[in-house]
Amino acid sequence: MNWSLSDLMKHKEPLHFNENLDLKEDLISRTSEVLDVKLVKVDGYAIKDRDAVLVSAKVTGEIVVPSSRSLQPVNFQLDFPVNEYYVEAGTSLDRFDATETVLPVQDDQIDFSKAVADNIILQIPMQIFSPDEENGKVPMPAGDDWEVISEEDEKDAQIKQVDPRLAKLKDLFNSEDSDPK
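Written out as structure tokens, the structure is:
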């Protein structure tokens, strides 16, 4: 999805686009967090906004990423918006809000496929688990002298663990009840 900024600036009506992108090779080469890319669909429009072009699109699709715990492949659904302004290099950016994405365009070419790939990488969660891992159906990893435990298991272990200095007091009341005086 390559466009000329000057051509988009000449359009009086919004330019609608609805395309399927093959970003597999690009995403896999850019990050080890992507194992596979299924279909990526982009539906949106480009519209002139004074001295800029606003490209607004909805990205849907599916990628495969490794589980944070087991490194097993996990399907991750994509469904997010992309809103970016494109301006000629050297244009003043004062009129734009600090929260808006504004990109200067070199050589009059907008490569929106690259912008979609960038945003897909940003959508990958820091921690993702397979459905079985989320439901606790897969045991936690363990080794000879170590094991991974959940926060719930750790809290339960702390509650059950008695301070050894107070362990003798635990039996004190039991022995007093059985001793007749």
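Just so you know, we're using the working numbering here: the sequence shown kicks off at 8 and counts up by one. Just so you know, even glycine gets a beta-carbon here, dropped at the ideal spot from N, CA and C.
(request) Would you mind reading off the limits of the alpha helix (DSSP H) that contains L1? (result) Examination of residue 1 is not possible in this model, given that the chain is present from 8 through 188 alone.
(request) Please report the Cβ distance between A96 and D33, rounded to the nearest whole angstrom; I am assuming they are in contact, meaning their Cβ atoms lie under 8 Å. (result) Residue 96 sits at position 89 when you count from the first residue of the sequence shown. Residue 33 sits at position 26 when you count from the first residue of the sequence shown. Incorrect: roughly 24 Å between the Cβ atoms, too far for contact.
(request) Per DSSP, which residues does Q165 bridge with? Please list them. (result) Counting from 1 along the sequence shown, the entry for residue 165 is found at position 158. DSSP lists no partner for Q165.
(message) Within a Cβ cutoff of 8 Å, which residues of the same chain sit near L85, ignoring the five residues on either side of it in sequence?
(response) Working through the sequence shown from its first residue, we reach residue 85 at position 78. Hits under 8 Å: V47, V66, T67, G68, E69, I70, I127 and Q130.
(message) Going by the DSSP bridge assignment, what does T67 pair with across the sheet?
(response) Indexing the sequence shown from 1 puts residue 67 at position 60. Per DSSP, the beta-bridge partners of T67 are K48 and D86.
(request) Could you pull out every unbroken alpha helix (DSSP H) segment of at least 4 residues lying fully inside the stretch 92-133, listed in chain order? (result) Fully enclosed alpha helix (DSSP H) runs of 4 or longer: 119-130.
(request) Reducing DSSP to helix, strand and coil, say where E20 ends up. (result) In the sequence shown, counting from the first residue as 1, residue 20 sits at position 13. In the structure shown, E20 sits in coil (DSSP, three-state: anything other than H, G, I, E or B).
(request) Leaving out five residues on either side along the sequence, give the residues of the same chain with a beta carbon under 7 Å from the beta carbon of E140. (result) Indexing the sequence shown from 1 puts residue 140 at position 133. Contacts found: S74, R76 and S77.
(request) Can you tell me the Cβ-Cβ gap for F24 and G51, rounded? I've got them flagged as a contact below 8 Å. (result) Start at 1 with the first residue of the sequence shown, and residue 24 comes out as number 17. Start at 1 with the first residue of the sequence shown, and residue 51 comes out as number 44. Indeed, because the Cβ distance is near 6 Å, the residues count as touching under 8 Å.
(request) With DSSP as the reference, please indicate the residues paired to I135 in a beta bridge. (result) Your numbering for residue 135 matches position 128 in the sequence shown. I135 is not bridged to any residue.
(message) For the stretch 107-119 against the stretch 9-23, do three or more pairs of beta-carbon atoms, one drawn from each stretch, fall closer than 8 Å, so that the two count as touching?
(response) Per the Cβ contact rule, the stretch 107-119 is in contact with the stretch 9-23 (3 or more Cβ pairs under 8 Å).
(request) Can you have a look at A59 and say buried or exposed, based on whether 16 or more other CB atoms are within 10 angstroms of its CB? (result) Residue 59 sits at position 52 when you count from the first residue of the sequence shown. Counting other Cβ atoms within 10 Å of its Cβ, A59 reaches 16 or more and is therefore classed as buried.
(request) On the DSSP bridge assignment, give the partners of E141 in chain order. (result) Start at 1 with the first residue of the sequence shown, and residue 141 comes out as number 134. As computed with DSSP, E141 is found in no beta bridge at all.
(message) Measuring straight from C-alpha to C-alpha, what distance separates Q79 and K19?
(response) The count along the sequence shown starts at 1 and reaches residue 79 at position 72. The count along the sequence shown starts at 1 and reaches residue 19 at position 12. Across the structure, Q79 and K19 are spaced so that their CA atoms are roughly 49 Å apart.
(request) Go through its chain and collect everything with a Cβ distance to G143's Cβ below 6 Å, but skip five positions before and after it. (result) Walking along the sequence shown from the start, residue 143 turns up at place 136. Beyond the five residues adjoining it in sequence on each side, G143 comes within less than 6 Å, by CB distance, of no other residue in the same chain.
(request) Please confirm whether A64 and V41 have their CB atoms less than 7 Å apart. (result) The residue given as residue 64 occupies position 57 in the sequence shown. The residue given as residue 41 occupies position 34 in the sequence shown. Contact: no.
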